[in-house]
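Asker:
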Amino acid sequence: MKAPRRNDTYVLDMSVATTTDSIPTCLLSKASESDSILWHRKLTHINYRKMNYIVKNVLVLGIPNMKFSVPGDCIPYKKGKQRKKSHKSKSKNSIVTPLELLHMDLFGPISIRSIGGKSYCLVVTDDFSRFSWVKFLSSKAETTELVQYLILGLENLFNLKVRRIRSDNGSEFKNSKMGLFCLQKGIHHEFSAPHVPQQNGVAERKNRTLVETARTMLADSKLPVTFWAEAVNTPCHVLIRVLTVK
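Next comes the structure, spelled out in structure tokens:
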């Protein structure tokens with residue numbers, strides 16, 4: 082580039098400076114590392130590429146006309162975005178028969194009661210086939226009785242024995258009545274570690290699937306929320322009869 086000297090200053094007219102592709106050229110001074118970090122913090126730790134895009138297109142007033150760059154990564158940004166490492170999935174399933182292991186969990190209370198006056202939903206999933214059953218409750222106190230009736234009915238219907246059940250440490254599952262029932266039936270009751278819902282991941286994921294599907298159906302049909310029990314029961318009936326990964 083060439084610029085004429087005027088009063089001991091070389092003046093470059095950028096209005097006529099273009100590249101070979103007829104694209105206007107923009108010269109930006111490179112910001113120091115401290116200035117780059119300062120503006121990165123002021124702009125809530127956004128990406129440097131986005132910062133330079135904002136400066137180049139003059140999208141935000143007050144930012145100096147400089148090119149920002151810092152070697153390395155932003156450590157506070159990584160700390161803010163970190164999350165728990167997911168549990169590794171089992172490459173081979175050790176469960177070989179139906180009803181060998183039942184996963185169960187309770188979700189609720191729902192802010193609006195169903196047509197039948199229910200506020201909770203008990204979801205039980207067989208580990209071998211991923212077949213699921215849902216039971217609706219008015220209170221948590223009904224959980225133990227419903228689980229007992231369900232296990233007795235399944236053993237009689239399929240002529241198989243429930244060997245293990247897995248749940249969280251909620252009082253609806255961890256109580257003297259449930260403990261006595263499992264002792265009499267010879268069922269091993271497994272509890273997930275406190276504050277580690279991943280250990281009961283099958284039940285937690287099934288809950289999420291049913292709730293999301295129910296929300297979708299209610300939004301599509303424009304029905305009131307009081308139909309949430311029917312909206313949960315329907316996908317449970319349908320999803321176990323269509324193709325699943327299991």
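Going left to right, the sequence shown walks through residues 82 to 327 as this note's numbering numbers them.
Using N, Cα and C, we set each Cβ at its ideal position, and we do this for glycine too.
(1) Would you call the segment 282-297 and the segment 183-195 touching, i.e. three or more CB-CB distances under 8 Å?
(2) Taking only three categories from DSSP, how would you classify residue 202?
(3) Just to confirm, are residue 151 and residue 129 a CB contact at a threshold of 8 Å?
(4) Assign residue 227 to one of three DSSP states: helix, strand, or coil.
(5) Roughly how many angstroms separate the alpha carbons of residue 213 and residue 248, rounded to a whole number?
(6) Helix or strand or just coil, what does DSSP make of residue 318?
(7) Check each candidate in 87, 241, 231, 313 and name the one with the smallest Cα separation from residue 202.
(8) Measuring alpha carbon to alpha carbon, tell me which residue in 176, 199, 292 is nearest residue 222.
(9) Thinking C-alpha only, which one of 321, 250, 93 is nearest residue 208?
(10) Output the residue ranges of the alpha helix (DSSP H) runs that lie fully inside the segment 228-311 and measure 4 residues or longer, sorted by chain position.
(11) Given residue 241, which residues of its chain have a CB within under 8 Å of its CB, disregarding the five upstream and five downstream residues?
(12) For residue 121, does the three-state DSSP call read helix, strand or coil?
(13) Taking 8 Å as the cut-off, decide whether the C-beta atoms of residue 246 and residue 270 are in contact.
Answerer: In brief:
(1) Because the criterion of three Cβ pairs below 8 Å is met, the segment 282-297 and the segment 183-195 touch.
(2) Residue state, collapsed to three classes: strand.
(3) The answer is yes: Cβ separation under 8 Å.
(4) In the three-state reduction of the DSSP assignment, residue 227 falls in the helix class.
(5) Between residue 213 and residue 248, the C-alpha separation is close to 15 Å.
(6) Looking at residue 318 - three-state DSSP - the assignment turns out to be helix.
(7) Check the Cα spacing between residue 202 and each of 87, 241, 231, 313: the tightest is with 313.
(8) Residue nearest to residue 222 within the set 176, 199, 292 is 199 (criterion: CA-CA distance).
(9) Looking from the CA of residue 208, the closest CA among 321, 250, 93 belongs to 321.
(10) Every alpha helix (DSSP H) of 4 residues or more that sits fully in the segment 228-311 is shown, in chain order, as 257-266, 282-302.
(11) Around residue 241, the same chain offers 178, 179, 180, 235 as residues with beta carbons nearer than 8 Å, after the five sequence neighbours per side are excluded.
(12) Reduced to three states, the DSSP call for residue 121 is helix.
(13) The Cβ-Cβ distance between residue 246 and residue 270 falls below 8 Å.
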